[in-house]
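What follows is a set of notes on a single structure, which appears directly below.
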């Protein structure tokens, strides 16, 4: 068995930022109920996902700005039960998302979702194995 332990200096370090941005054909925010993430390996980091954000169209005619709207933040929200291997869903509450983005609920619901931004834990994972 191979076991790698961190010395105190290593314990202070963190990995570089881990994020994933996924874009897809625009869909109405009023139709979005959850963001699903298929996990193959859960690992040891807790929390695994630190934030999930929707990428929304800027609203208004001719606007090209993208609005980033947090729907899950590990520091504020209860983490879902991770299914691994399998699908884990992060529920989208339009009222919470609208509030976090500084939008009215009707304004949020009228926009298009262009993608998702996922942020992962940046802690170092200790390797234990053969």
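In our numbering, the protein residues as written are 403 to 532.
Beta carbons: idealized from backbone N, C-alpha and C, even for Gly.
- Spanning the alpha carbons of residue 510 and residue 445 requires a straight line of approximately 34 Å.
- Residues 423, 424, 425, 426 and 457 of the same chain have their beta carbon placed closer than 7 Å to that of residue 517, with the five preceding and five following residues left out of the count.
- In the three-state scheme derived from DSSP, where H, G and I count as helix and E and B as strand, residue 498 is classed as helix.
- Restricting attention to 480, 484 and 452, the CA atom closest to the CA of residue 442 is found in 484.
- The distance from the Cβ of residue 472 to that of residue 453 is about 6 Å, consistent with a contact at the 8 Å cut-off.
- Per DSSP, residue 482 is not a residue of any alpha helix (DSSP H), being assigned neither H nor E.
- Check the Cα spacing between residue 496 and each of 430, 439, 460 and 420: the tightest is with 430.
- Shown here for residue 521: same chain residues with a beta carbon closer than 6 Å to its own, the five before and five after excluded, namely 421, 452 and 453 in chain order.
- DSSP, read as helix, strand or coil, puts residue 432 in helix.
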